[in-house]
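**Q** Order-wise, the sequence lines are chains A and B. First residue of the first sequence: 1, per this note's numbering; consecutive thereafter. First residue of the second sequence: 1, per this note's numbering; consecutive thereafter. What follows is a single structure, and I will ask about it in a moment.
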Amino acid sequence: MKALIKKEFTLCLHPMAIVFLSFAALVFVPNYPYEVIFFFSGLSVFFITLAARENGDATFTCSLPVKKRDVPLARILVAVMFQCALLLLTAGCVAIKQTFFSEEMRINLAGNSANLAFCGFGALLLGIFNAAFFPLHYRDPNKVGSPFLVSTAVQFVCIGGLVAVRHLPFYAPLTLPDPLNCGMKLAVLLGGLALYAGMTVFAAWLSMKRFEKVDL
Amino acid sequence: MYALETEGLRKVYPHFTLGPLSFSVETGQIAGLIGRNGAGKSTTLKALMGLIASEGTVRVFGRNFSEEEHTAKELMGYVGGGFRFYPDRSLAAIAKAVAGFYPHWNGETFRRCAEEYALVPAKKVRELSEGMKIKFALALALSHGAKLLILDEPTSGLDPLSREEFCDTLLALKRQDVTVLFSTHITSDLMRVADKILYLSDGTLLADEPIGELTARYRVNVFASSEAAAEARAIGVKKVKNGFEGLVMVPSDGREATLDEIMIHLECAKKEDV
């Protein structure tokens, strides 16, 4: 697995995957739908997968001494590394914003405020992307565009839902700046992370199962 | 000992079925896989490498491929129709990535192969000619000590001199006890290097025998009429410019049959049967 992950970084990595990590800083933009940060993470997975397809990566990798089912797992693990890095960077930017910015700046009128709960929702959005994209892609590794369209469509519906509920009264405690309602926000964060982990494990399991049946 | 054994290897597509195929290649042998386009050569080689999901058993040096995929692949080197991967990466970068997969990778062997094949490690894959791509793939396989090479039409697109060099390389590998199974349409290459022939036709194995035995069994004869050909029990009779040509079994008269002629007439005979 170590060699597979190393190969992902040396031969398959698209430079935009690193560039998109910097989009975590979008939380500093006032009144902006910060959830789109997590869409860019999906875009970086799309670029990596597209480049891999164009380079004949699946056939090449499967001819190396690896188990066929480990090939999608390595790709998903690399995606998880980038997603965790994005979550950490976003959390870092959120912490800076919550510590140093004025209260007015810390409330987002265009969507969820950049706070603890937001990071939980971000994890959820990443998990949704993984659960939709990878199993669809590994059913037929020649297809990258349609799995991306489907997964981002689902992601955008969820983003739309999150932006919409932000204006409902019951949701108000989650939009307040930290450390207000910290317990509730922490629960959302942990719930988001748990769902992310669950959906990613499901994505990996289904992708590995499907890829084994694929004819390269 | 067998380097490669298959039992009941089978792959079913909606409009084509390969097999079931059972054949073996002895250690140190060079085996040629021949057959017309669409006969199932590439499918067979991909099934051997586990690139496609298939039924049956494949054993590599006695190891069951599906149970010991990792170990079996360490002993194998696969080149699928030239090296079409990562065109914008340098040979050195690819070799470095590949090295991580093999505990017995020998950097010195790679350096020596690169030197011998005139490969420049800093070059990108897309800068290589077809012949050089094959050599690069061979260099990778040899550097991890592959004992069984599976090559899918490695000589297609190569000029005669490059093909000659390739054949020389295979013969040198044979001397090192490396086993080779390669598919090709260029039967003259097989006549030069192959020990045995696996002849596929519409997914079934028509011949699995030493090349000498296969070619020694047939003669080619030209008859004045189709009736004369039928009387001589000629196989796969087809009209040619000076009469009707068909295969006849030794000891009948006729000139020596080439692999191409054997293939053509056996395919004709099969078509007649259908």
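Built from N, CA and C at the ideal position, the CB exists for glycine as well.
1) Return the bridge partner residues of residue 124(B) from the DSSP annotation.
2) Beta-carbon within less than 8 Å of residue 1(B)'s beta-carbon, same chain only, minus the 5 sequence neighbours each way: which residues are those?
3) How would you label residue 137(A), buried or exposed, when you count the other beta carbons within 10 angstroms and need 16 or more for buried?
4) Which residues mark the beginning and the end of the beta strand (DSSP E) in which residue 218(B) is found?
5) Would you mind working out which of 185(B), 193(B), 187(B), 188(B) sits nearest residue 171(B), comparing C-alpha positions?
6) Can you tell me whether residue 192(A) is helix, strand or coil according to DSSP?
7) Quick check: the region 149-160 of chain A against the region 3-17 of chain B, are at least 3 beta-carbon pairs closer than 8 Å?
8) For chain B, find out if any of its Cβ atoms is closer than 8 Å to the Cβ of residue 142(A); answer yes or no.
9) Roughly how many whole angstroms lie between the Cα atoms of residue 109(B) and residue 32(B)?
10) In the region 25-102 of chain B, which residue ranges form an unbroken beta strand (DSSP E) of at least 3 residues, counting only runs that do not cross its ends?
11) Within this structure, are the beta carbons of residue 268(B) and residue 238(B) separated by less than 8 Å?
12) Considering only residues of the region 144-214 of chain A, which uninterrupted alpha helix (DSSP H) runs meet the minimum length of 4 residues and lie entirely inside it, listed in chain order?
13) What distance in whole Å lies between the Cβ atoms of residue 78(A) and residue 35(A), which are believed to be in contact at a cut-off of 8 Å?
14) With a cut-off of 8 Å, does the C-beta of residue 218(B) fall near any C-beta of chain C?
15) Measuring from the CB of residue 55(B), is there a heavy atom of the ligand MG at a distance below 7 Å?
16) Just to confirm the assignment, what range does the alpha helix (DSSP H) spanning residue 138(A) have?
17) Can you list the beta strand (DSSP E) stretches of 3 or more residues lying completely in the region 151-239 of chain B, in chain order?
18) From residue 211(A) to residue 200(A), what does the alpha carbon distance come to, in whole angstroms?
19) Which chain B residues are close to residue 212(A), counting only those with a beta carbon under 9 Å from its beta carbon?
20) Is DSSP giving residue 35(A) helix, strand or coil here?
21) Counting only beta-carbon atoms, is residue 147(B) nearer than 8 Å to chain A?
22) Determine the extent of the beta strand (DSSP E) in which residue 3(B) is found, giving its start and end residues.
23) Using 8 Å as the limit for Cβ to Cβ distance, is residue 182(B) near chain A?
24) For residue 49(B), decide whether its Cβ has a neighbour in chain A, counting only Cβ atoms nearer than 8 Å.
25) Thinking C-beta only, is residue 21(A) closer than 8 Å to residue 89(A)?
26) Is it buried or exposed, residue 160(B), if we count other Cβ atoms within 10 angstroms and call 16 or more buried?
27) What are the boundary residues of the alpha helix (DSSP H) that includes residue 246(B)?
28) Looking at chain B, which residues of the region 59-85 of chain A have a Cβ within less than 8 Å of any of its Cβ atoms?
29) Return yes when the Cβ of residue 124(A) is within less than 8 Å of the Cβ of residue 185(A), no when it is not.
30) So is residue 83(A) buried or exposed if we call it buried at 16+ other beta carbons inside 10 Å?
31) Does the beta carbon of residue 56(A) sit closer than 8 Å to a beta carbon anywhere in chain B?
32) Which chain A residues are close to residue 74(B), counting only those with a beta carbon under 8 Å from its beta carbon?
33) So who's on the other strand from residue 17(B), going by DSSP bridges?
34) Does the separation of the CB atoms of residue 222(B) and residue 256(B) fall below 8 Å?
35) Quick one: grab the DSSP three-state call for residue 22(B).
**A** For this structure:
1) 90(B)
2) Apart from the 5 residues on each side of it in sequence, residue 1(B) sits with its Cβ closer than 8 Å to the Cβ of 26, 27, 61, 62 in its chain, given in chain order.
3) buried
4) Under the DSSP assignment, residue 218(B) falls in the beta strand (DSSP E) whose first and last residues are 218-223.
5) Selected option, being the one with the closest Cα: 193(B).
6) In this structure, residue 192(A) counts as helix in the three-state DSSP scheme.
7) no
8) Closer than 8 Å: no.
9) 26 Å
10) 30-34, 55-60, 76-80
11) It is a contact, given that the beta carbons lie within the stated cut-off.
12) 145-165, 172-175, 182-212
13) Separation of the CB atoms of residue 35(A) and residue 78(A) is rounded to 23 Å, and the pair is thereby denied contact status at 8 Å.
14) Note that chain C does not occur in the displayed structure, where the protein chains are A and B.
15) Summarising the ligand content, the structure contains no ligands, and the ligand MG is consequently not present.
16) Judged by DSSP secondary structure, residue 138(A) falls within the alpha helix (DSSP H) whose first and last residues are 116-139.
17) 179-183, 196-201, 204-210, 218-223
18) 16 Å
19) 53
20) coil
21) Any Cβ of chain A closer than 8 Å to the Cβ of residue 147(B) would place that residue at the interface, and such an atom is absent.
22) 2-13
23) Judged by the 8 Å Cβ criterion, residue 182(B) is not in contact with chain A.
24) yes
25) It is a contact, given that the beta carbons lie within the stated cut-off.
26) exposed
27) Secondary structure note for residue 246(B): it is in no alpha helix (DSSP H), and the uninterrupted beta strand (DSSP E) holding it is 243-249.
28) 59, 60, 62, 63, 64, 65, 66, 67, 68
29) no
30) buried
31) yes
32) 65
33) 12(B)
34) no
35) strand
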